[in-house]
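Numbering (UniProt numbering), first residue to last: 1 to 277. Even for Gly, the Cβ is constructed at its ideal location relative to N, Cα and C. Predicted model only: the values in this text are computed from it and were never measured.
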(Lines of atoms letter the chains of each structure in order from A; the text may use other names.)
(Lines give C-alpha, C1' and ligand atoms only; values in the text may rest on other atoms or scores of the structure.)
Protein backbone atom coordinates (compact mmCIF):
# COMPACT_ATOMS: atom_id res chain seq x y z
CA UNK A 1 0.00 0.00 0.00
CA UNK A 2 1.10 3.58 -0.64
CA UNK A 3 0.55 6.15 2.10
CA UNK A 4 0.56 9.93 2.41
CA UNK A 5 0.37 11.91 5.68
CA UNK A 6 -1.16 15.36 6.19
CA UNK A 7 -0.25 16.55 9.67
CA UNK A 8 1.15 19.79 11.13
CA UNK A 9 3.02 18.07 13.97
CA UNK A 10 6.36 16.48 13.00
CA UNK A 11 6.40 14.14 16.00
CA UNK A 12 3.03 12.70 14.92
CA UNK A 13 4.29 12.31 11.36
CA UNK A 14 7.34 10.36 12.57
CA UNK A 15 5.18 8.22 14.87
CA UNK A 16 2.83 7.26 12.00
CA UNK A 17 5.79 6.63 9.69
CA UNK A 18 7.32 4.26 12.27
CA UNK A 19 4.02 2.37 12.58
CA UNK A 20 3.90 1.91 8.80
CA UNK A 21 7.52 0.74 8.60
CA UNK A 22 7.61 -1.44 11.76
CA UNK A 23 4.41 -3.29 10.81
CA UNK A 24 5.39 -3.55 7.14
CA UNK A 25 2.12 -1.93 6.09
CA UNK A 26 3.48 -0.38 2.92
CA UNK A 27 5.41 2.60 1.60
CA UNK A 28 5.21 6.22 2.78
CA UNK A 29 5.18 8.30 -0.40
CA UNK A 30 5.33 11.66 1.31
CA UNK A 31 3.95 13.99 3.94
CA UNK A 32 3.01 17.63 4.26
CA UNK A 33 2.22 20.16 6.96
CA UNK A 34 0.67 22.39 4.29
CA UNK A 35 -2.81 21.37 3.06
CA UNK A 36 -2.57 23.04 -0.37
CA UNK A 37 0.82 21.54 -1.06
CA UNK A 38 -0.48 18.16 0.08
CA UNK A 39 -3.36 18.26 -2.39
CA UNK A 40 -0.99 18.84 -5.31
CA UNK A 41 1.30 16.00 -4.22
CA UNK A 42 -1.62 13.61 -3.70
CA UNK A 43 -2.84 14.30 -7.25
CA UNK A 44 0.66 13.56 -8.53
CA UNK A 45 1.62 10.55 -6.38
CA UNK A 46 -1.83 8.88 -6.15
CA UNK A 47 -1.50 7.15 -2.75
CA UNK A 48 -3.88 4.39 -1.70
CA UNK A 49 -4.41 5.76 1.81
CA UNK A 50 -4.17 9.27 3.23
CA UNK A 51 -3.75 9.65 7.01
CA UNK A 52 -4.57 13.19 8.15
CA UNK A 53 -5.53 15.49 10.97
CA UNK A 54 -8.71 17.55 10.78
CA UNK A 55 -7.15 20.49 12.57
CA UNK A 56 -4.91 22.05 9.93
CA UNK A 57 -3.93 25.70 10.45
CA UNK A 58 -4.28 26.80 6.82
CA UNK A 59 -7.44 24.98 5.74
CA UNK A 60 -10.57 23.32 7.08
CA UNK A 61 -10.09 19.54 7.30
CA UNK A 62 -13.51 18.78 5.82
CA UNK A 63 -12.63 20.87 2.77
CA UNK A 64 -9.41 18.88 2.31
CA UNK A 65 -11.32 15.59 2.47
CA UNK A 66 -13.81 16.75 -0.16
CA UNK A 67 -11.05 17.96 -2.49
CA UNK A 68 -9.18 14.66 -2.22
CA UNK A 69 -12.35 12.66 -2.90
CA UNK A 70 -13.29 14.91 -5.81
CA UNK A 71 -9.86 14.43 -7.35
CA UNK A 72 -9.74 10.65 -6.80
CA UNK A 73 -12.67 8.92 -5.12
CA UNK A 74 -10.75 5.64 -4.75
CA UNK A 75 -8.30 7.13 -2.22
CA UNK A 76 -9.07 5.97 1.32
CA UNK A 77 -8.84 8.54 4.12
CA UNK A 78 -8.13 7.84 7.78
CA UNK A 79 -8.53 10.74 10.21
CA UNK A 80 -6.28 10.88 13.28
CA UNK A 81 -7.36 13.90 15.30
CA UNK A 82 -8.02 15.44 18.71
CA UNK A 83 -11.26 16.88 17.32
CA UNK A 84 -13.84 14.33 18.44
CA UNK A 85 -17.15 16.17 18.58
CA UNK A 86 -20.02 14.07 17.19
CA UNK A 87 -20.96 16.78 14.72
CA UNK A 88 -17.43 17.03 13.30
CA UNK A 89 -16.95 13.27 13.11
CA UNK A 90 -20.31 12.95 11.34
CA UNK A 91 -19.36 15.66 8.83
CA UNK A 92 -16.05 13.90 8.18
CA UNK A 93 -17.78 10.60 7.40
CA UNK A 94 -20.30 12.38 5.19
CA UNK A 95 -17.40 14.00 3.33
CA UNK A 96 -16.01 10.55 2.53
CA UNK A 97 -13.54 9.36 5.18
CA UNK A 98 -13.17 5.65 5.86
CA UNK A 99 -12.25 5.70 9.55
CA UNK A 100 -11.83 8.14 12.43
CA UNK A 101 -9.14 7.57 15.09
CA UNK A 102 -8.86 9.78 18.16
CA UNK A 103 -5.53 11.07 19.38
CA UNK A 104 -3.25 10.36 21.19
CA UNK A 105 -1.57 7.95 18.79
CA UNK A 106 -2.33 4.30 19.46
CA UNK A 107 -0.01 1.99 17.52
CA UNK A 108 -2.21 -1.11 17.75
CA UNK A 109 -5.37 0.75 16.71
CA UNK A 110 -3.73 2.51 13.73
CA UNK A 111 -2.07 -0.71 12.56
CA UNK A 112 -5.34 -2.66 12.79
CA UNK A 113 -7.38 0.00 11.00
CA UNK A 114 -4.79 0.35 8.22
CA UNK A 115 -4.66 -3.43 7.71
CA UNK A 116 -8.45 -3.65 7.46
CA UNK A 117 -8.66 -0.81 4.96
CA UNK A 118 -5.73 -2.26 2.99
CA UNK A 119 -7.63 -5.55 2.71
CA UNK A 120 -10.68 -3.66 1.48
CA UNK A 121 -8.55 -1.93 -1.16
CA UNK A 122 -7.12 -5.27 -2.32
CA UNK A 123 -10.61 -6.74 -2.53
CA UNK A 124 -11.87 -3.72 -4.49
CA UNK A 125 -8.99 -4.08 -6.94
CA UNK A 126 -9.74 -7.78 -7.43
CA UNK A 127 -13.45 -7.05 -7.96
CA UNK A 128 -12.65 -4.23 -10.40
CA UNK A 129 -10.30 -6.53 -12.29
CA UNK A 130 -13.00 -9.20 -12.49
CA UNK A 131 -15.50 -6.57 -13.65
CA UNK A 132 -13.12 -5.38 -16.39
CA UNK A 133 -12.66 -8.99 -17.55
CA UNK A 134 -16.42 -9.52 -17.72
CA UNK A 135 -16.89 -6.17 -19.47
CA UNK A 136 -14.30 -7.19 -22.08
CA UNK A 137 -15.95 -10.59 -22.49
CA UNK A 138 -19.35 -8.95 -22.92
CA UNK A 139 -17.95 -6.47 -25.44
CA UNK A 140 -16.18 -9.28 -27.27
CA UNK A 141 -19.40 -11.30 -27.28
CA UNK A 142 -21.32 -8.34 -28.70
CA UNK A 143 -18.70 -7.91 -31.42
CA UNK A 144 -18.84 -11.58 -32.31
CA UNK A 145 -22.65 -11.46 -32.31
CA UNK A 146 -22.62 -8.47 -34.64
CA UNK A 147 -20.02 -10.10 -36.91
CA UNK A 148 -21.87 -13.44 -37.02
CA UNK A 149 -25.22 -11.81 -37.73
CA UNK A 150 -23.69 -9.63 -40.44
CA UNK A 151 -22.18 -12.73 -42.05
CA UNK A 152 -25.61 -14.38 -42.01
CA UNK A 153 -27.18 -11.28 -43.58
CA UNK A 154 -24.56 -11.23 -46.33
CA UNK A 155 -25.23 -14.93 -47.03
CA UNK A 156 -28.97 -14.24 -47.38
CA UNK A 157 -28.35 -11.27 -49.69
CA UNK A 158 -26.06 -13.46 -51.73
CA UNK A 159 -28.77 -16.15 -51.98
CA UNK A 160 -31.15 -13.44 -53.19
CA UNK A 161 -28.61 -12.40 -55.82
CA UNK A 162 -28.19 -8.80 -54.63
CA UNK A 163 -24.98 -8.83 -52.58
CA UNK A 164 -23.24 -6.91 -55.36
CA UNK A 165 -25.96 -4.26 -55.56
CA UNK A 166 -25.13 -0.76 -54.23
CA UNK A 167 -28.06 -0.89 -51.84
CA UNK A 168 -26.88 -4.13 -50.21
CA UNK A 169 -24.29 -2.34 -48.04
CA UNK A 170 -26.99 0.16 -47.05
CA UNK A 171 -29.23 -2.74 -46.01
CA UNK A 172 -26.39 -4.24 -43.96
CA UNK A 173 -25.69 -0.88 -42.29
CA UNK A 174 -29.38 -0.49 -41.40
CA UNK A 175 -29.44 -3.99 -39.88
CA UNK A 176 -26.25 -3.32 -37.88
CA UNK A 177 -27.73 -0.05 -36.60
CA UNK A 178 -30.86 -1.86 -35.39
CA UNK A 179 -28.77 -4.62 -33.75
CA UNK A 180 -26.38 -2.18 -32.09
CA UNK A 181 -29.16 0.00 -30.68
CA UNK A 182 -31.30 -3.02 -29.76
CA UNK A 183 -34.36 -1.52 -31.42
CA UNK A 184 -37.65 -3.32 -30.99
CA UNK A 185 -39.77 -3.90 -34.14
CA UNK A 186 -42.13 -1.12 -33.07
CA UNK A 187 -39.18 1.28 -32.79
CA UNK A 188 -37.77 0.69 -36.28
CA UNK A 189 -38.24 3.66 -38.61
CA UNK A 190 -36.28 3.11 -41.83
CA UNK A 191 -36.35 6.77 -42.80
CA UNK A 192 -35.07 7.85 -39.36
CA UNK A 193 -32.27 5.28 -39.53
CA UNK A 194 -31.26 6.52 -42.99
CA UNK A 195 -31.17 10.07 -41.58
CA UNK A 196 -28.79 8.84 -38.85
CA UNK A 197 -26.52 6.89 -41.20
CA UNK A 198 -26.29 9.07 -44.30
CA UNK A 199 -25.89 12.68 -45.35
CA UNK A 200 -28.15 11.79 -48.28
CA UNK A 201 -30.87 9.72 -46.60
CA UNK A 202 -33.28 9.92 -49.55
CA UNK A 203 -30.65 8.53 -51.93
CA UNK A 204 -29.81 5.80 -49.41
CA UNK A 205 -33.47 4.82 -49.12
CA UNK A 206 -33.81 4.68 -52.91
CA UNK A 207 -30.76 2.40 -53.20
CA UNK A 208 -32.29 0.12 -50.59
CA UNK A 209 -35.63 -0.02 -52.42
CA UNK A 210 -33.93 -0.77 -55.75
CA UNK A 211 -31.90 -3.59 -54.18
CA UNK A 212 -35.01 -5.10 -52.55
CA UNK A 213 -36.92 -4.80 -55.82
CA UNK A 214 -34.10 -6.70 -57.54
CA UNK A 215 -34.32 -9.37 -54.81
CA UNK A 216 -38.07 -9.67 -55.43
CA UNK A 217 -37.53 -10.13 -59.18
CA UNK A 218 -34.84 -12.76 -58.52
CA UNK A 219 -37.08 -14.66 -56.10
CA UNK A 220 -39.91 -14.59 -58.63
CA UNK A 221 -37.62 -15.94 -61.37
CA UNK A 222 -36.57 -18.79 -59.08
CA UNK A 223 -40.22 -19.60 -58.39
CA UNK A 224 -41.13 -19.51 -62.07
CA UNK A 225 -38.37 -21.99 -62.86
CA UNK A 226 -39.08 -24.23 -59.88
CA UNK A 227 -41.74 -23.43 -57.32
CA UNK A 228 -40.16 -26.04 -55.01
CA UNK A 229 -36.81 -24.19 -55.00
CA UNK A 230 -35.54 -23.99 -51.40
CA UNK A 231 -34.63 -20.30 -51.57
CA UNK A 232 -38.01 -19.46 -53.10
CA UNK A 233 -39.93 -21.39 -50.43
CA UNK A 234 -37.84 -20.00 -47.59
CA UNK A 235 -37.94 -16.30 -48.44
CA UNK A 236 -40.98 -15.67 -50.66
CA UNK A 237 -43.35 -15.34 -47.71
CA UNK A 238 -40.94 -14.06 -45.04
CA UNK A 239 -38.90 -11.31 -46.68
CA UNK A 240 -41.84 -10.36 -48.91
CA UNK A 241 -45.61 -10.55 -48.80
CA UNK A 242 -46.66 -13.51 -50.91
CA UNK A 243 -49.34 -11.34 -52.58
CA UNK A 244 -46.55 -9.13 -53.90
CA UNK A 245 -44.58 -12.18 -55.05
CA UNK A 246 -47.68 -13.51 -56.83
CA UNK A 247 -48.37 -10.12 -58.47
CA UNK A 248 -44.76 -10.00 -59.69
CA UNK A 249 -45.08 -13.56 -61.03
CA UNK A 250 -48.29 -12.64 -62.85
CA UNK A 251 -46.52 -9.62 -64.35
CA UNK A 252 -43.68 -11.86 -65.57
CA UNK A 253 -46.22 -14.27 -67.11
CA UNK A 254 -48.06 -11.39 -68.81
CA UNK A 255 -51.19 -11.95 -66.75
CA UNK A 256 -50.99 -8.57 -65.01
CA UNK A 257 -49.76 -5.07 -65.78
CA UNK A 258 -48.77 -4.30 -62.18
CA UNK A 259 -46.01 -6.00 -60.22
CA UNK A 260 -45.59 -6.47 -56.50
CA UNK A 261 -44.92 -3.67 -54.03
CA UNK A 262 -41.74 -3.19 -52.03
CA UNK A 263 -42.07 -3.27 -48.24
CA UNK A 264 -38.67 -2.26 -46.87
CA UNK A 265 -39.56 -2.76 -43.21
CA UNK A 266 -40.83 -6.32 -43.74
CA UNK A 267 -37.68 -7.19 -45.70
CA UNK A 268 -35.39 -5.77 -42.97
CA UNK A 269 -37.31 -7.48 -40.16
CA UNK A 270 -37.10 -10.78 -42.05
CA UNK A 271 -33.34 -10.38 -42.52
CA UNK A 272 -32.87 -9.68 -38.81
CA UNK A 273 -34.93 -12.73 -37.90
CA UNK A 274 -32.95 -15.06 -40.16
CA UNK A 275 -29.62 -13.54 -39.07
CA UNK A 276 -30.12 -14.87 -35.53
CA UNK A 277 -29.83 -18.49 -36.66
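**Message:** Taking 6 Å as the limit between beta carbons, can you name the residues of its chain near residue 127, skipping five residues before and five after?
**Reply:** Cβ within range, chain order: n/a, list empty.
**Request:** May I have the straight-line CA-CA distance separating residue 234 from residue 71, to the nearest angstrom?
**Result:** Taking the straight line from one Cα to the other gives about 60 Å.
**Asked** What first and last residue would you give for the beta strand (DSSP E) that runs through residue 265?
**Response** Careful: residue 265 lies outside any beta strand (DSSP E), inside the alpha helix (DSSP H) at 264 to 275.
**Asked** Nearest to residue 13 by alpha carbon, out of 197, 44, 51?
**Response** Each of 197, 44, 51 was checked against the Cα of residue 13, and the nearest Cα belongs to 51.
**Beta-carbon proximity of residue 247 to residue 162, cut-off 8 Å** = It is not a contact, given that the beta carbons lie outside the stated cut-off.
**Prompt:** Given residue 201, which residues of its chain have a CB within under 6 Å of its CB, disregarding the five upstream and five downstream residues?
**Reply:** Within its own chain, the residues whose Cβ lies closer than 6 Å to the Cβ of residue 201, once the five positions on either side in sequence are excluded, are 194, 195, listed in chain order.
**Message:** Please return the same chain residues whose Cβ sits closer than 8 Å to the Cβ of residue 222, not counting the five positions on each side in sequence.
**Reply:** For residue 222, where only same-chain residues beyond five positions count, the Cβ hits under 8 Å are 229, 231, 232.
**Prompt:** What's the call for residue 160, buried or exposed, on a 16-neighbour Cβ count within 10 Å?
**Reply:** Result: buried.
**Item:** Length-filtered (4 minimum) alpha helix (DSSP H) runs lying within the region 47 to 116
**Value:** Counting whole runs of 4 or more residues, the region 47 to 116 contains the alpha helix (DSSP H) stretches 61 to 71, 86 to 95.
**Item:** Per-residue burial, residue 273 [other beta carbons within 10 Å of its own, 16 or more giving buried]
**Value:** Exposed, since its Cβ has fewer than 16 Cβ neighbours within 10 Å.
**Message:** If I measure Cβ to Cβ from residue 348 and keep anything under 6 Å in the same chain, skipping five residues before and after, which residues do I get?
**Reply:** The structure shown does not extend to residue 348, since the chain is modelled only from 1 through 277, so no value can be given for it.
**Item:** Contact set for residue 275: own chain, Cβ-Cβ below 6 Å, skip 5 residues either direction
**Value:** Cβ within range, chain order: 149, 152, 153.
**Message:** Here's the rule: buried if 16 or more other CB atoms are within 10 angstroms of the residue's CB, otherwise exposed. What is residue 132?
**Reply:** Per the 10 Å Cβ criterion, exposed.
**Item:** One or two residues paired with residue 224 in a DSSP bridge
**Value:** None; residue 224 has no bridge partner.
**Message:** Excluding the 5 residues flanking residue 190 on each side, which residues of the same chain have their C-beta closer than 8 Å to its C-beta?
**Reply:** Beyond the five residues adjoining it in sequence on each side, residue 190 comes within less than 8 Å, by CB distance, of 174, 205, 208, 264, 265, 268 in the same chain, given in chain order.
**Request:** Give a yes or no on whether the C-beta atoms belonging to residue 25 and residue 111 are separated by under 8 Å.
**Result:** Yes.
**Prompt:** Pairing CB atoms from the region 28 to 39 with CB atoms from the region 82 to 90, are three or more of them under 8 Å?
**Reply:** Output reads no: the region 82 to 90 does not touch the region 28 to 39.
**Prompt:** Can you give the Cα-Cα distance for residue 80 and residue 28, rounded to whole angstroms?
**Reply:** C-alpha separation (whole angstroms): 16 Å.
**Item:** Neighbourhood of residue 253 by C-beta, 8 Å cutoff - its chain only, sequence neighbours within 5 removed
**Value:** Cβ within range, chain order: 224.
**CB of residue 157 within 8 Å of CB of residue 171, strictly** = Yes, the pair counts as a contact, with Cβ atoms nearer than the cut-off.
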